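Visitor: Residue 1450 in the working numbering sits at position 55 of the sequence shown; the count goes up by one each step and never skips.
All residues carry an ideal CB built from backbone N, CA and C; glycine is no exception.
Because the structure is a prediction, the values reported are computed rather than measured.
A single structure is presented below for examination.
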Amino acid sequence: MIEGPLFDMTGNISGKIISNTDSGCNIDIPSPCAVVIFGASGDLTKRKIIPSLYRLFAINLLPDPFFVIGTARTLLSDNDFRASMKEAVKEAFPQDFSESAWQIFSEMLYYQRIEYNTQNTYAELKNKLLALEKKHGTGGNRIYYLATPPTVYEPVIENLGIAGLSKEDGGYRHVVVEKPIGSDLESAVHLNNTLAASFTERQIYRMDHYLAKETVQNILMFRFANSIFEPIWNSRYIDHVQITASEALGVEHRAGYYEKAGVIRDMFQNHIFQLLALTAMEPPALFDADRVRDEKVKVFRSIRPFQLESLNTQVVTGQYGKGMINGKEVIAYRDEPGVSTESITPTYAALKVHLDNWRWKGVPFYLRSGKRLSSRKAEIAIHFKPVPHLMFSHAIEDGIEPNVLILRVQPDEGIGIHFEAKNPGSRVCLNTVLMNFSYQNVFMLDGYERVLLDCMQGDQMLFVRSDGVQQTWALLTPLIDKLTEDARPNDFPNYESGSSGPAAAEDLLKRDGRVWRPL
Ligand code: BG6
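Here it is in structure tokens:
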């Protein structure tokens, strides 16, 4: 429920949470377990995994007992590993780092060198695991977290299987796999088959960090825990939907990966398609991991395949040139370290997608994502149809703005509804006003903290199932292949850094008599 002052003349209504149901609001502390991180000397371990585990410890959500074994090719002692993780945690929490909390937490960190392709190093890992499980009394529950480059996923998975480390003989054995899950349909199927040879689907946690964002999880609550939105959530009332994930950042230090991936693999196959599925899916009978994932897969199956012969009516791609971001000059994608000077890798894409089912027939979903745009913003905007009859037509020249409902994923997490209200004083004059609910200043778990906890709890709701991954690749692989085949170096760069993307993306909507929401 929302309580707050009436709107002021800037059109804002602020909201605050005044009640919640007690059930389900507490976060349970998971049972004792161990986490084995493959790729422990890498960036992901330092930036996300260890800082998230530290924060869970600091807010009393980490299981007790608990320990971590970091593994990688680098030769390190337990103490070397602890020292390097201390720096990483300090960097992640410059304000909130506590020396005394770190002392206790660091004693749960261990390191074991591994050669990813060499079986006997897995036997050594197994010995260390068994000894530490005995020492800490964690009872055999284990998470294997693959934070390595994707090229070594398969050898690690196979070797875990061969070493008997995937077998649930006294405790659960869960494996977390970071995106990318393959780079096309064939490689995704291959990776899924490799996983299935050592683990059952119930043990596999394919991670999409967007699903762990509170605001993304809230999409289903918003739609299915309120009775007033679902009846109008269909083609009868909705004109179109816009899904945006824009970034001001460029490719950073990831050119090696990004040059091969490009924006469609990097952002659409996973994050954007997951947002689309949550927005468009039917209500499952139960809020349970498999039923929710069944409904999401049905959405993917109902997406109309891209018309490869007339792609320009459905797809626009772009690559950033130089420009200004926040008053600072930034370089073009092709000038970034590690990027080819003739690169045809798209850093921006806008897609128009149709869902062939009863609910969404005739409602286009416009999806866009890009790097080096004017702002960082992820949102889902539901654009409703205009009122059927304009009874004020004699007094209002410009027409009436249709209602828009915006699910703001980040930043400024929350929900807004744009509606028309009478301007006080004048006889017939309307203003578009915003009714706003904001998650600001509310305690939220970071995405990685959430997924680590869920994996410990055995809850697969926020993880992607193999059929979902394959379905999205089945749609996007022919599109990516065709775009790559048609791309010419002269086509790029076609948008300035700091802009809202290529002009052709504006035309994509203009042709349909619509406009993008500003970034
Ligand atoms: C990652 C992509 O999955 O998501 C990155 O690989 C992108 O290229 C990032 O920058 C965006 O995530 P967020 O949470 O910052 O929106």
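Please confirm whether any heavy atom of the ligand BG6 lies closer than 6 Å to the CB of D1907.
Guide: Incorrect: D1907 has no Cβ contact closer than 6 Å to the ligand BG6.
Visitor: Quick one, which of F1500, Q1498, I1499, L1520 has its alpha-carbon nearest R1508's?
Guide: L1520
Visitor: Which full runs of the beta strand (DSSP E) of 3+ residues lie inside the region 1562-1616, going along the chain?
Guide: If one requires a minimum length of 3 residues, the beta strand (DSSP E) runs lying completely within the region 1562-1616 are 1568-1572, 1599-1602, in chain order.
Visitor: How about V1799 and H1784: are their beta carbons less than 7 Å apart?
Guide: In terms of Cβ geometry, V1799 and H1784 do not form a close pair [threshold 7 Å].
Visitor: Can you tell me whether DSSP reads Q1664 as helix, strand or coil?
Guide: helix
Visitor: Reducing DSSP to helix, strand and coil, say where D1403 ends up.
Guide: At D1403, the pLDDT of 34 sits below 50, so the modelled position is not reliable and the matter cannot be decided from this model.
Visitor: Looking at C-beta atoms only, is the number of pairs between the region 1870-1890 and the region 1686-1704 that lie closer than 8 Å three or more?
Guide: yes
Visitor: Checking 7 Å against the spacing of the C-beta atoms, do A1429 and T1466 come in under that value?
Guide: no
Visitor: To which residues of the same chain is A1744 closer than 6 Å at the C-beta, ignoring the five residues directly before and after it?
Guide: V1658, I1659, T1712
Visitor: Measuring from the CB of D1661, is there a heavy atom of the ligand BG6 at a distance below 6 Å?
Guide: yes
Visitor: Comparing alpha-carbon positions, which option in A1478, I1538, M1786 lies nearest P1427?
Guide: I1538
Visitor: Between K1766 and Y1715, how many whole angstroms is the CB-CB distance? I'm expecting something under 8 Å.
Guide: 6 Å
Visitor: Taking E1774 as the reference, which of F1619, Q1669, G1842 has the closest Cα?
Guide: Shortest Cα-Cα distance from E1774 to any of F1619, Q1669, G1842 involves Q1669.
Visitor: Would you kindly check if the distance between the Cβ of S1892 and the Cβ of G1733 is under 7 Å?
Guide: Taking 7 Å as the Cβ cut-off, G1733 and S1892 do not qualify as a contacting pair.
Visitor: Quick check on DSSP: helix, strand or coil for Q1709?
Guide: DSSP places Q1709 in the coil class of the three-state scheme, outside both helix and strand.
Visitor: Return no unless some Cβ of chain B is closer than 7 Å to the Cβ of S1764.
Guide: Although the question refers to chain B, the structure presented lacks it and comprises just one protein chain.
Visitor: T1610: which of I1875, Q1865, M1786, F1832 sits nearest, CA to CA?
Guide: Of I1875, Q1865, M1786, F1832, the residue nearest in Cα terms is F1832.
Visitor: Taking all protein chains shown into account, decide if D1417 is buried (16 or more other Cβ within 10 angstroms of its Cβ) or exposed.
Guide: For D1417, the pLDDT reaches just 48, beneath the cut-off of 50, and the residue's location in the model is therefore unreliable, leaving the point undetermined.
Visitor: Do the region 1854-1869 and the region 1627-1643 meet, that is, are 3 or more Cβ pairs less than 8 Å apart?
Guide: no
Visitor: Are E1349 and E1690 closer than 7 Å when you measure CB to CB?
Guide: The chain is shown only over 1396 to 1914; residue 1349 falls outside these bounds and no answer can be derived.
Visitor: Just confirm the distance between the C-beta atoms of A1483 and I1445, as a whole number of angstroms; I'd bet it's less than 8 Å.
Guide: The Cβ separation is near 6 Å, so the contact holds.
Visitor: Can you list, in chain order, the residues of its chain with a C-beta nearer than 6 Å to that of L1451? Leave out the 5 residues immediately preceding and following it.
Guide: L1457, E1844
Visitor: Where DSSP assigns a beta bridge to N1831, which residues make up the other side?
Guide: For N1831, which the question treats as bridged, DSSP gives the partners G1811.
Visitor: Can you list, in chain order, the residues of its chain whose CB lies under 7 Å from that of V1584, leaving out five sequence neighbours each side?
Guide: Within the same chain, V1584 has close Cβ partners Q1865.
Visitor: With a threshold of 16 other CB atoms inside 10 Å of the CB of V1782, please say whether the residue is buried or exposed.
Guide: exposed
Visitor: Out of Y1517, L1439, F1594, M1616, which has the shortest C-alpha to C-alpha gap to E1573?
Guide: L1439
Visitor: So, for N1407: in the same chain, excluding its five sequence neighbours on each side, which residues have a beta-carbon less than 7 Å away from its beta-carbon?
Guide: Only weak support exists for where N1407 lies, its pLDDT of 42 falling under 50; the coordinates are left without a value.
Visitor: Write down every uninterrupted run of the beta strand (DSSP E) in the region 1490-1574 whose length is 3 residues or greater and which is fully enclosed by it, in chain order.
Guide: 1504-1508, 1537-1541, 1568-1572
Visitor: If you draw a straight line from the C-alpha of R1597 to the C-alpha of A1680, how long is it?
Guide: Separation of R1597 and A1680 (C-alpha to C-alpha, rounded to the nearest whole angstrom) is 20 Å.
Visitor: I need the boundaries of the beta strand (DSSP E) containing T1867, first residue and last residue.
Guide: According to the DSSP assignment, T1867 belongs to no beta strand (DSSP E) but to the alpha helix (DSSP H) extending over 1861-1881.
Visitor: Please name the residue, chosen from I1599, N1629, A1592, P1545, that lies closest to G1577 on a Cα-to-Cα basis.
Guide: It is P1545 whose Cα lies nearest to the Cα of G1577.
Visitor: Rounded to a whole number of angstroms, what is the C-alpha to C-alpha distance between F1617 and A1672?
Guide: 14 Å
Visitor: Do you know offhand how far N1777's Cα is from I1623's?
Guide: Note that residue 1777 corresponds to Ile in the displayed sequence, not to Asn. Distance between the alpha carbons of I1777 and I1623 is about 15 Å.
Visitor: Kindly indicate which three-state DSSP category F1461 falls into: helix, strand or coil?
Guide: strand
Visitor: Apart from the five residues on each side of it in sequence, which residues of its chain come closer than 8 Å, Cβ to Cβ, to G1469?
Guide: This sequence places Thr at residue 1469; Gly is not what is there. Result list for T1469: S1436, R1508, in chain order.
Visitor: Suppose you measure from the CA of E1815 to the CA of N1826; what does that come to, to the nearest Å?
Guide: 6 Å
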